[in-house]
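Chemist:
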Amino acid sequence: MLELNYLRANTQRVKAGLRVRSLPEEEQRIVDDIIALDDRRKALQTELDQLLAERNALSKEIGGLFKSGKREEAEAKRARVNEIKEEASATEEQLKAAKVQLEDLLYKVPNVPHESVPAGDSDEDNEVYQDWSGGLPQLPEGSLPHWELAQYYPLFDLELGTKLTGSGFPVYRGKGARLQRSLIQFFLDEAAKAGYEEILPPLIVNDATARATGQLPDKEGQMYHIEREDFYLIPTAEVPITNIYRDVILEEKDFPIKMTGHTPCFRREAGSYGADVRGLNRVHQFEKVEIVQIQHPDKSYETLEEMLQHVGGLLDKLELPYRILRLCGGDLGFTAALTFDFEVYSAAQKRWLEVSSVSNFETYQSNRMKLRFKDGKQSRLAHTLNGSALALARIVAALIENNQTPDGIMIPKVLQDYTGFDRIEKKA
RNA sequence: GGUGACGUGGGUGAGUGGCUGAAACCACCAGUUUGCUAAACUGGCAUACUCUUAACGGGGUAUCGGGGGUUCGAAUCCCCCCGUCACCGCCA
3 MLELNYLRAN TQRVKAGLRV RSLPEEEQRI VDDIIALDDR RKALQTELDQ LLAERNALSK
63 EIGGLFKSGK REEAEAKRAR VNEIKEEASA TEEQLKAAKV QLEDLLYKVP NVPHESVPAG
123 DSDEDNEVYQ DWSGGLPQLP EGSLPHWELA QYYPLFDLEL GTKLTGSGFP VYRGKGARLQ
183 RSLIQFFLDE AAKAGYEEIL PPLIVNDATA RATGQLPDKE GQMYHIERED FYLIPTAEVP
243 ITNIYRDVIL EEKDFPIKMT GHTPCFRREA GSYGADVRGL NRVHQFEKVE IVQIQHPDKS
303 YETLEEMLQH VGGLLDKLEL PYRILRLCGG DLGFTAALTF DFEVYSAAQK RWLEVSSVSN
363 FETYQSNRMK LRFKDGKQSR LAHTLNGSAL ALARIVAALI ENNQTPDGIM IPKVLQDYTG
423 FDRIEKKA
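Counting from 1 along the first sequence, just add 2 to a position and that's the residue number in my numbering.
1. How many angstroms separate the CA atom of residue 267 from the CA atom of residue 158?
2. Closest to residue 174 by C-alpha separation, out of 188, 155, 190, 309, would be which residue?
3. With distances taken Cα to Cα, identify the nearest neighbour of residue 251 among 377, 396, 102, 38.
4. If I measure Cβ to Cβ from residue 129 and keep anything under 6 Å in the same chain, skipping five residues before and after, which residues do I get?
5. What are the partner residues of residue 374, as DSSP defines its beta bridges?
6. Select from 7, 139, 25, 240 the residue whose C-alpha is nearest the C-alpha of residue 124.
7. Take the Cβ of residue 333 as the centre, count every other Cβ of all protein chains shown within 10 Å, and call the residue buried at 16 or more, exposed below.
8. Would you kindly report the start and end of the unbroken alpha helix (DSSP H) that includes residue 132?
9. Apply the 10 Å Cβ neighbour rule to residue 51 and answer buried if 16 or more other Cβ atoms are within range, or exposed otherwise.
10. For the stretch 349-360 and the stretch 222-231, state whether three or more C-beta atom pairs, one from each stretch, are separated by less than 8 Å.
11. For residue 57, which residues in the same chain have their Cβ closer than 6 Å to its Cβ, ignoring the five residues on either side in sequence?
12. Tell me, to the nearest whole angstrom, how far the beta carbon of residue 226 is from that of residue 207; I am working on the premise that it is less than 8 Å.
13. Which residues in the same chain as residue 336 place their Cβ atom closer than 8 Å to its Cβ, once the five residues preceding and following it in sequence are excluded?
14. Measure the C-alpha to C-alpha separation of residue 137 and residue 347 and round it to an integer number of angstroms.
15. What number of angstroms, rounded off, separates the C-alpha of residue 194 from the C-alpha of residue 188?
16. Output the boundary residues of the beta strand (DSSP E) element that contains residue 266.
17. Would DSSP call residue 362 helix, strand or coil?
18. Hey, could you find the ends of the beta strand (DSSP E) residue 439 is sitting in?
19. Under three-state DSSP, which class holds residue 53?
20. So, under 8 Å CB-CB, residue 297 and residue 258 are touching, yes? Tell me the CB distance rounded to an integer number of Å.
Below, the structure is given as structure tokens:
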């Protein structure tokens with residue numbers, strides 16, 4: 003969530019940010035409501051503190067009076083303290099209520115978009131930041147989308163996943179499974195080379211963790227919830243990995259903190275239908291390697307650029323055509339200040355598939371997470387960033403479509419050491 | 001899942017109702033002394049909220065795993081929860 007002090011000091015910027023996100027005018031009133039409520043909270047806090055201070059002083063006196071045997075005086079003060087306690091508990095309740103309301107409102111305000119974010123309503127307004135400079139691959143007549151390729155090649159089986167669980171849970175088999183494992187290995191190795199520490203986190207997290215990175219409360223319906231323990235299946239490794247640094251105060255010399263991890267990701271994807279979700283385009287469980295950085299506020303945009311380079315490098319090595327989009331305000335995630343999406347061209351579907359999203363959250367996550375660093379005597383919130391490097395299912399989709407040949411599905415050179423084969427041939 | 005013990009500041013650890021935001025030691029930072037290093041000595045060393053100040057700073061409140069209760073007053077007493085450790089049960 004936004005820092006309250008920032009919001010108070012930059013009301014106009016926050017409101018302008020809401021406009022960039024194409025949120026309705028009445029949303030802007032929330033900003034003024036927050037300030038009014040915070041004023042009330044401060045007044046109540048001061049009132050309560052004064053009452054407690056008085057109570058503490060009197061209690062001290064009472065102790066002394068009892069010791070010196072002045073019972074009557076002590077009793078009189080004791081009566082006064084009891085009055086104060088009544089007042090204090092009433093004030094405290096109002097204060098608690100104000101805090102809860104304030105937090106609820108604050109949770110409703112999305113991050114302020116970076117100044118470079120174009121205004122816009124939807125993905126149609128996203129800006130092409132870096133286009134694909136080569137030609138787009140043209141496949142010969144009779145080329146197939148990946149879900150049809152899976153009928154002829156040992157790759158994956160969607161119906162089988164439906165039998166075991168439900169739709170959207172593919173089962174990868176044979177060389178298809180091996181290809182997945184090879185990609186994961188390759189991505190982790192590349193991240194390690196770039197200086198990221200490898201993390202293997204829990205796949206199930208508690209409420210506090212899901213809240214800190216911003217999945218709760220705004221994306222509640224997107225996650226699988228485990229009722230009995232009140233836990234959530236992670237929708238991305240970002241959640242447990244970033245939370246490693248929840249409630250931590252860093253030293254400036256600790257920056258940058260670079261972590262990577264491979265995990266399955268679980269997403270309910272409620273309300274998604276149609277051609278966009280065919281095959282591996284949108285599934286409930288997929289593998290992903292995530293990169294996360296925690297950085298000094300002055301350097302986080304350099305870091306974002308570095309992460310773009312890293313992701314672009316992976317796609318170059320996989321020889322996949324891609325472009326980079328700068329998301330417009332309307333398409334920007336609730337918690338992000340700036341996001342670049344990587345899209346890979348899927349030649350058989352003749353469309354771009356999103357395979358990575360690289361974002362700077364500035365202090366939006368670190369504020370919820372209380373992730374700070376020492377800046378001289380003061381502590382300040384750090385910046386958090388993350389990106390997919392990369393998300394597997396769609397990479398696999400594009401890879402097998404683009405590389406289909408009469409001799410089989412060709413494996414990019416860089417992966418061959420991992421797969422142990424250079425092509426996938428048709429099923430017998 | 002059962003039984004028992006325990007949970008104090010960056011670490012070790014004292015503290016069983018007021019004088020304890022918390023001894024002492026270690027670590028860390030600044031300074032003094034000293035051919036260098038080391039040692040010794042002196043001082044500093046939590047976080048959040050809030051009031052006040054132009055600022056430096058100063059005042060107040062809260063925090064001893066979390067929540068609730070008893071009391072004029074709680075790290076200290078009571079209840080619930082969470083966690084750690086040990087033993088038993090179960091088990092990849």
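The C-beta atom is built at its ideal place from N, Cα and C for all residues, glycine as well.
Modeler: Concretely, from the data shown:
1. Here residue 267 is taken as the residue at index 265 of the first sequence, counted from 1. Here residue 158 is taken as the residue at index 156 of the first sequence, counted from 1. Rounded to the nearest angstrom, the two C-alpha atoms are 18 Å apart.
2. For this step, residue 174 is matched to residue 172 along the first sequence. Of the candidates 188, 155, 190, 309, the one whose C-alpha sits nearest the C-alpha of residue 174 is 155.
3. The residue labelled residue 251 in the question sits at position 249 within the first sequence. Minimum Cα distance to residue 251 is reached at 377.
4. Taking the first residue of the first sequence as position 1, residue 129 is located at position 127. Within the same chain, residue 129 has close Cβ partners 120, 328.
5. What you label residue 374 is simply residue 372 of the first sequence in a count that begins at 1. Answer by DSSP bridge pairing, in chain order: 251, 383.
6. As a position in the first sequence, residue 124 is number 122, starting the count at 1. Comparing Cα-Cα distances from residue 124 to each of 7, 139, 25, 240, the minimum goes to 25.
7. Taking the first residue of the first sequence as 1, we reach residue 333 at position 331. So residue 333 ends up on the buried side.
8. Residue mapping note: residue 132 aligns to position 130 of the first sequence, counting from 1. Counting along the chain, residue 132 falls outside any alpha helix (DSSP H), though it belongs to the beta strand (DSSP E) covering 129-132.
9. Translated into positions along the first sequence, residue 51 becomes position 49. Burial call: exposed.
10. Contact between the stretch 349-360 and the stretch 222-231 is not established, with fewer than three Cβ pairs separated by less than 8 Å.
11. If you number the first sequence from 1, residue 57 lands on position 55. Taken in chain order, the residues that qualify are 83, 86.
12. Position 224 of the first sequence, counted from the start, is the residue given in the question as residue 226. Position 205 of the first sequence, counted from the start, is the residue given in the question as residue 207. Not quite, the Cβ-Cβ distance comes to about 11 Å (not below 8 Å), so this is no contact.
13. Taking the first residue of the first sequence as 1, we reach residue 336 at position 334. These residues qualify, in order along the chain: 112, 113, 216, 220, 221.
14. Walking along the first sequence from the start, residue 137 turns up at place 135. Walking along the first sequence from the start, residue 347 turns up at place 345. Spanning the two alpha carbons is a distance of roughly 11 Å.
15. Looking up residue 194 in the first sequence gives position 192. Looking up residue 188 in the first sequence gives position 186. Going by the C-alpha atoms only, they are around 10 Å apart.
16. Translated into positions along the first sequence, residue 266 becomes position 264. Residues 259-268.
17. Indexing the first sequence from 1 puts residue 362 at position 360. Of the three classes helix, strand and coil, the one that applies to residue 362 here is strand, per DSSP.
18. Here the chain has residues from 3 to 430 only, and residue 439 is not among them.
19. As a first step, residue 53 is located in the first sequence; it is residue number 51 there, counting from the start. DSSP places residue 53 in helix when its eight states are reduced to three.
20. For the purposes of this step, residue 297 is taken as residue 295 along the first sequence, with counting starting at 1. For the purposes of this step, residue 258 is taken as residue 256 along the first sequence, with counting starting at 1. Under the criterion of beta carbons closer than 8 Å, residue 297 and residue 258 qualify as touching, at roughly 5 Å.
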